[in-house]
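Worksheet: one structure, shown below.
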Amino acid sequence: MAAIYRNLSSATSLTPTMIKNENVTDEEYAKVNENLENLPGVDVTTDWKRGHTYGETFWNMLGEVTSADEGLPAEKVDYYTAKGYKLNDRVGKSYIEELYNGVLQAQKEKVKMVTDSNGNVVNKETVSEGKSGKDIVLTIDMEFQAQVEKIMQEELVSAIQKPHTDTLDTAFVVAMEPKTGRILAMSGKVYNRKTQEFTDFTPGTFTYAFEQGSVVKGATVLTGYQTGVRDFGEIELDEVMRFKGSGTFSSYQVMNRITDLEALERSSNVYMWKTAIEIMGGKYIPNGTLNINPKKLKPSAIISINLV
Numbered sequence: 158m159a160a161i162y163r164n165l166s167s168a169t170s171l172t173p174t175m176i177k178n179e180n181v182t183d184e185e186y187a188k189v190n191e192n193l194e195n196l197p198g199v200d201v202t203t204d205w206k207r208g209h210t211y212g213e214t215f216w217n218m219l220g221e222v223t224s225a226d227e228g229l230p231a232e233k234v235d236y237y238t239a240k241g242y243k244l245n246d247r248v249g250k251s252y253i254e255e256l257y258n259g260v261l262q263a264q265k266e267k268v269k270m271v272t273d274s275n276g277n278v279v280n281k282e283t284v285s286e287g288k289s290g291k292d293i294v295l296t297i298d299m300e301f302q303a304q305v306e307k308i309m310q311e312e313l314v315s316a317i318q319k320p321h322t323d324t325l326d327t328a329f330v331v332a333m334e335p336k337t338g339r340i341l342a343m344s345g346k347v348y349n350r351k352t353q354e355f356t357d358f359t360p361g362t363f364t365y366a367f368e369q370g371s372v373v374k375g376a377t378v379l380t381g382y383q384t385g386v387r388d389f390g391e392i393e394l395d396e397v398m399r400f401k402g403s404g405t406f407s408s409y410q411v412m413n414r415i416t417d418l419e420a421l422e423r424s425s426n427v428y429m430w431k432t433a434i435e436i437m438g439g440k441y442i443p444n445g446t447l448n449i450n451p452k453k454l455k456p457s458a459i460i461s462i463n464l465v
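Structure representation (structure tokens):
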């Protein structure tokens, strides 16, 4: 009774306020409904809750909606009230739900009410009809997404069985349609070695930052084309590189003579190092010094190297 009284006393005049919307029994619903004539201002209705059709697949990116108890997020009260929202309205509070809240949110019916000196409603007039929210169709292929997540988990468990993987516990995948840029699947998984359970961390695909790996090799070859130090199909010797006063540098295996495409397919470090040295105006000489001449760099090469 105290909780009901608190909710009623904190309600805004003429603004619908949710008193209870969870664990409501049939008996409670019936008792209130059959006594509505003795409870002015009280009504019973149905509430809604966002469901996840595909379970936990991609749910983290879909985001969440505030509950009836939460209402508007405290940090965005001014923003939403300026748009006509009430303090107890439910809105998206994360990711897609929050980003597209204005599209997904239904438009409420607006009613003009006239009250007497005692606050009793003596007249009601509908100003505008309510409208349902719109649907959003994503480019995500949910069946493909589920398969991607399954493969990720299997590969991550397999990978941590190998040596020197003590800190490995996270994997990210983003699959795109190359001709349109549409996102077909995106997923992030964190593996707990103690519990042997996975936690979804899909937002990490764009909120985390990592030191670049072999993914930049495509940009290196492209910069070679742009600066004229590489031609399409050019062959280079993948060997163990030695510099004066330094150790040795090589790919994961000696690949001998390979083309630009083979260098990308097999992830040749040597092809990329030799390309970068030539971009910087130098030439690799076995057991020699790293003789480069930055003055020969073209502006486009400088920009590309900084991006890489």
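Quick note: the sequence shown uses our numbering, first residue 158, plus one each step.
Every residue gets a Cβ at the ideal spot worked out from N, C-alpha and C, and that includes glycine.
Since this is a predicted model, take the numbers as computed values, not measurements.
Short check: CB of residue i to CB of residue j, under 9 angstroms?
i: Asp326; j: Leu341; result: no
i: Tyr365; j: Phe400; result: no
i: Ile293; j: Leu261; result: yes
i: Ala332; j: Val305; result: yes
i: Gln264; j: Ser251; result: no
i: Asn245; j: Gly259; result: no
i: Glu184; j: Lys177; result: no
i: Thr172; j: Lys233; result: no
Between the Cα of residue i and the Cα atoms of the options, which residue gives the shortest distance?
i: Tyr409; options: Thr296, Thr416, Tyr428 and Leu244; result: Tyr428
i: Asp486; options: Tyr211, Asn349, Ser167 and Gln383; result: Here the chain has residues from 158 to 465 only, and residue 486 is not among them.
i: Glu266; options: Gly249, Gly287 and Asp200; result: Gly287
i: Ile392; options: Thr362, Leu421, Ser251 and Asn280; result: Leu421
i: Asp417; options: Ile436, Val284, Gly381 and Glu334; result: Gly381
i: Thr362; options: Val372, Lys336 and Lys346; result: Lys346
i: Gly438; options: Asn450, Leu295 and Glu300; result: Asn450
i: Lys291; options: Tyr257, Asn280, Ser315 and Glu282; result: Tyr257
i: Thr182; options: Thr203, Lys233 and Gly198; result: Thr203
Just the Cα atoms here: how many angstroms apart are residue i and residue j?
i: Glu311; j: Tyr162; result: 53 angstroms
i: Asp388; j: Asp357; result: 43 angstroms
i: Tyr237; j: Val278; result: 27 angstroms
i: Lys374; j: Thr432; result: 10 angstroms
i: Asn164; j: Gly338; result: 49 angstroms
i: Glu354; j: Ala159; result: 42 angstroms
i: Glu254; j: Lys269; result: 30 angstroms
i: Thr169; j: Met175; result: 11 angstroms
i: Tyr348; j: His321; result: 16 angstroms
i: Thr214; j: Ile415; result: 42 angstroms
i: Pro230; j: Pro360; result: 20 angstroms
i: Met412; j: Val222; result: 54 angstroms
i: Gln369; j: Ala376; result: 11 angstroms
i: Trp205; j: Glu300; result: 27 angstroms
For residue i, list the residues DSSP reports as bridge partners.
i: Asn349; result: Glu354
i: Ala342; result: Ala332
i: Gln264; result: Lys288
i: Lys307; result: DSSP output for Lys307 lists no bridge partner at all.
i: Glu280; result: It should be pointed out that residue 280 corresponds to Asn in this sequence rather than to Glu. DSSP lists Val271 as partners of Asn280.
i: Val373; result: Per DSSP, none; premise fails for Val373.
Got a sec: does the ligand NAP put a non-hydrogen atom nearer than 8 angstroms to the Cβ of residue i?
i: Lys291; result: This structure lacks the ligand NAP; in fact it carries no ligand of any kind.
Could you check whether the Cβ of residue i sits closer than 9 angstroms to any Cβ belonging to chain B?
i: Val222; result: In summary, chain B is missing from the structure at hand, where a single protein chain is found.
Inset, instruction - Entirely within the region 400-458 and at least 4 residues each: give me those alpha helix (DSSP H) ranges in chain order. - result: The region 400-458 contains, as complete alpha helix (DSSP H) runs of 4+ residues, the segments 417-422 and 426-436 (chain order).
Inset, instruction - Tell me the start and end of each unbroken alpha helix (DSSP H) in the region 172-211 that is at least 4 residues and wholly inside, in chain order. - result: Whole alpha helix (DSSP H) segments, 4+ residues: 183-191.
Inset, instruction - Write down every uninterrupted run of the alpha helix (DSSP H) in the region 225-251 whose length is 4 residues or greater and which is fully enclosed by it, in chain order. - result: Correct list: 234-239.
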